[in-house]
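Enquirer: Structure incoming, see below.
In UniProt numbering, the protein residues as written are 1 to 293.
Dropping the structure here:
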């Protein structure tokens, strides 16, 4: 895994760019909004909660947004389009804390098992799907200028975690990034997609003092946000990358997982890519299905 150095001038290419951020009223999203503005970008924030009064800024436009609602996310992007004429970068960041392990035996009056609390899956997965889908639609309008999408995944995307619903959603959005990276490349679209994987981060979700008391290292929201802005602004134009941030240190971990998967399943779609491999088989199957339609 390669270490990533994110310098203080890493975000200069964001000057005059339009950055749309969900979950931008607190935590990593707010830190990203402030860093983007500091770099000369214009920011549109979508959140169910308003920006704190102390964080009001003429370069940050707030839109009340429920990411689980398609119409609400549509309105967010339309507001950004109307205000600035385009969107250059999308940060699909909105998320909430875990609520269930799916082991709870909570019964209704009839003695039947109650439906689980799906709010974390709805916000952390469906909300990201809504945001990314709308984001790609609007980035395509930029033509050759393209743009980028960054998704907030987590170290829980690839490590066990007590919050089952949270881990399920974060694992899924990592898969979303990986698969869309393939599709965007195949379609030759000038749009990049990447994800960040923060570890313990000071935010409304994490009690930093409690984690520290248990021996964990807690990074600032800004430390995690820097990885997101790096993926938007990097001259190297990263695509399909997962950047882990832990205590303010950064690693590109995607290639390590790709390499490990190649060892376990060398015939896989992201393995060696031989002409007779699974990737070629799936491509031929796709062509046959399309021919029958």
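Even glycine gets a Cβ: it sits at the ideal position worked out from N, Cα and C.
1) Measure the C-alpha to C-alpha separation of residue 244 and residue 109 and round it to an integer number of angstroms.
2) Kindly indicate which residue of 119, 19, 125, 111 has the alpha-carbon position closest to the one of residue 79.
3) Less than 7 Å separating the Cβ of residue 196 from some heavy atom of the ligand ATP?
4) How big is the Cα-Cα spacing for residue 252 and residue 6?
5) For residue 75 and residue 29, what's the separation of their Cα atoms in angstroms?
6) Which term fits residue 273, buried or exposed, when burial requires 16 or more other beta carbons within 10 angstroms of its beta carbon?
7) For the beta strand (DSSP E) that contains residue 42, what are its first and last residues?
8) If contact is defined by three or more beta carbon pairs under 8 Å, each pair taking one atom from either stretch, is the stretch 126 to 139 in contact with the stretch 33 to 42?
9) On the DSSP bridge list, what partners appear for residue 149?
10) Less than 7 Å between C-beta atoms, sequence neighbours within five positions excluded: which residues of the same chain meet that for residue 264?
11) Please state whether DSSP places residue 21 in a helix, a strand or coil.
12) Nearest-angstrom Cα distance between residue 143 and residue 190?
13) In this structure, does DSSP put residue 272 in helix, strand or coil?
14) Classify residue 131 as buried or exposed, calling it buried when 16 or more other Cβ atoms lie within 10 Å of its own Cβ.
15) Looking at the structure shown, is residue 173 part of a helix, part of a strand, or coil, going by DSSP?
16) Assess, as a yes-or-no matter, whether the stretch 97 to 114 is touched by the stretch 46 to 63 under the definition of 3 or more beta carbon pairs within less than 8 Å.
17) Under the rule that 16 or more other beta-carbon atoms within 10 Å means buried, what is residue 176, buried or exposed?
18) What residues are listed by DSSP as bridge partners for residue 123?
19) For residue 4, which residues does DSSP report across the bridge?
20) Rounded to whole angstroms, what's the CA-CA distance from residue 103 to residue 116? Just pull it up for me.
21) Which of helix, strand or coil does DSSP assign to residue 222?
22) Can you say whether residue 45 is buried or exposed, counting buried as having 16 or more other CB atoms within 10 angstroms of its CB?
23) I think residue 254 touches residue 241, with their Cβ atoms under 8 Å apart; what is that distance to the nearest whole Å?
24) Measuring CB to CB, does residue 123 end up less than 8 Å from residue 94?
25) Buried or exposed for residue 32, please, with buried defined as at least 16 other CB atoms from any protein chain shown within 10 angstroms of its CB.
26) In this structure, does DSSP put residue 84 in helix, strand or coil?
27) Hey, could you find the ends of the alpha helix (DSSP H) residue 60 is sitting in?
28) In whole angstroms, what is the alpha-carbon distance linking residue 146 and residue 114?
Expert: Judging by the given coordinates:
1) 45 Å
2) 19
3) No copy of the ligand ATP appears in this structure; indeed no ligand is present at all.
4) 12 Å
5) 19 Å
6) Residue placement at residue 273 is flagged as unreliable, the pLDDT there being 47, under the threshold of 50; a coordinate-derived value is accordingly withheld.
7) 42 to 47
8) no
9) 90, 193
10) none
11) strand
12) 8 Å
13) Its pLDDT being 44, under 50, residue 272 is placed unreliably by the model, and the measurement read from it follows with that caveat. Correct three-state label for residue 272: coil.
14) buried
15) helix
16) no
17) buried
18) Per DSSP, none; premise fails for residue 123.
19) 250
20) 9 Å
21) helix
22) buried
23) 5 Å
24) yes
25) buried
26) helix
27) Element bounds for residue 60: not the alpha helix (DSSP H) but the beta strand (DSSP E), 60 to 64.
28) 45 Å
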